[in-house]
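This report concerns only the one structure given below.
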Amino acid sequence: MPCRNAPQSHSRKKSKSKAPSAIRILRQPRTALSLRLCNSPRLERLISPRRTPVNPQARAIDFTTVPVAITIVEGVFPEPEPFIDTRVSLEDHEAACQNSYNRGFQEATDALTNQIAEQRLEVAQLQDAVFKNLAAQSETLAHQVSNILPDLVMEITHRVLAGFKPDSETVRNTIAETLAEVAPGSTEVEVRLHPHDLILVQGVDAELDQKYPGIKLTPDPDLAPGDCLAKSRFGTIDARVLTKLQNVARSLK
477 MPCRNAPQSH SRKKSKSKAP SAIRILRQPR TALSLRLCNS PRLERLISPR
527 RTPVNPQARA IDFTTVPVAI TIVEGVFPEP EPFIDTRVSL EDHEAACQNS
577 YNRGFQEATD ALTNQIAEQR LEVAQLQDAV FKNLAAQSET LAHQVSNILP
627 DLVMEITHRV LAGFKPDSET VRNTIAETLA EVAPGSTEVE VRLHPHDLIL
677 VQGVDAELDQ KYPGIKLTPD PDLAPGDCLA KSRFGTIDAR VLTKLQNVAR
727 SLK
């Protein structure tokens with residue numbers, strides 16, 4: 477077959493199908509036309525498979541292992557948790573808020589009441605301790621005063637009476653108080669007075685003689701003004717001022 481007729485045959489076959497006609501032409505014995513077609517870039521693009529560019533960062537797929545999806549499917553799925561509806565209505569929310577407020581208010585009231593009770597107890601204990609301390613101090617102070625007061629009274633009285641000079645009425649009362657301790661009708665009664673006091677009551681022995689026969693009033697310079705001593709067969713009655721003060725001091729202790 478001449479080569480110039482080849483284009484007509486090729487054009488007829490090409491109208492039916494592009495790639496298959498080329499393949500059939502290649503399967504025929506090699507001629508000048510077949511060689512020229514084999515060297516055609518267009519035919520090479522039709523025959524050669526497309527090559528996708530390789531991504532150097534792409535991961536190779538190992539088809540020998542079981543896919544992950546299959547492994548998950550073959551596994552046992554956990555049962556889904558039941559759905560719990562936690563939504564509440566507005567009325568329930570307000571009621572819960574009010575209950576919480578009431579509970580908190582009651583707890584605060586109870587705590588405050590307990591705190592007040594504890595503070596009252598502490599105050600009562602402190603007050604009791606203070607009173608006990610004051611009582612102990614008062615007892616100590618009273619004991620000290622009782623020991624000091626008699627001596628103090630005696631000292632003050634002695635200083636006041638140091639320059640005291642009684643009048644006749646005072647001396648008469650002193651003699652009467654002293655003889656009141658002597659039994660009426662007693663004889664041999666002797667009353668000793670300061671010389672100055674004896675001058676003030678001259679003649680009183682005559683009045684006392686009816687009640688105490690033989691009574692004698694004698695001066696004693698050792699006595700202080702206002703002192704009086706009465707002697708009888710039953711003993712001596714000490715009516716001195718210092719003795720009276722000592723008796724008062726003993727009664728105060």
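Counting along the sequence shown from 1, when you hit position 65 you're at 541 in the numbering used here, and nothing is skipped either side. Think of the CB as a built atom: it goes at the ideal place given N, C-alpha and C, for glycine as much as any other residue.
query                                                                                                                    : result
Residue nearest to Lys-707 in terms of C-alpha spacing, selected from Glu-615, Leu-699, Glu-645 and Ile-691              : Ile-691
Cβ shell of Pro-714 (< 8 Å), same chain only, five flanking positions each side left out                                 : First, the amino acid is wrong: residue 714 is Asp here, not Pro. Once the five neighbours on either side are set aside, the close Cβ partners of Asp-714 are Leu-705.
Lys-608 versus Glu-594 - alpha carbon distance                                                                           : 21 Å
Whole-Å CB distance - Arg-716 paired with Asp-703, under 8 Å assumed                                                     : 4 Å
Neighbourhood of Pro-642 by C-beta distance below 8 Å, restricted to the same chain and skipping five residues each side : Thr-650, Asp-673, Leu-676, Pro-701 and Gly-702
Extent of the continuous alpha helix (DSSP H) run through Pro-671                                                        : 671 to 676
For Glu-657, three-class secondary structure by DSSP                                                                     : coil
Nearest residue (CA-CA) to Val-564, options Ala-572, Pro-558 and Glu-557                                                 : Ala-572
His-670 versus Ser-622 - alpha carbon distance                                                                           : 33 Å
DSSP-derived helix/strand/coil call for Ala-715                                                                          : coil
9 Å Cβ cutoff met for Ala-652 and Phe-710                                                                                : no
Bounding residues of the alpha helix (DSSP H) (the contiguous stretch that carries Ala-605)                              : 566 to 636
Burial state of Val-636, where buried means 16 or more other Cβ atoms lie within 10 Å                                    : exposed
Beta-carbon spacing of Thr-694, Val-667 below 9 Å                                                                        : yes
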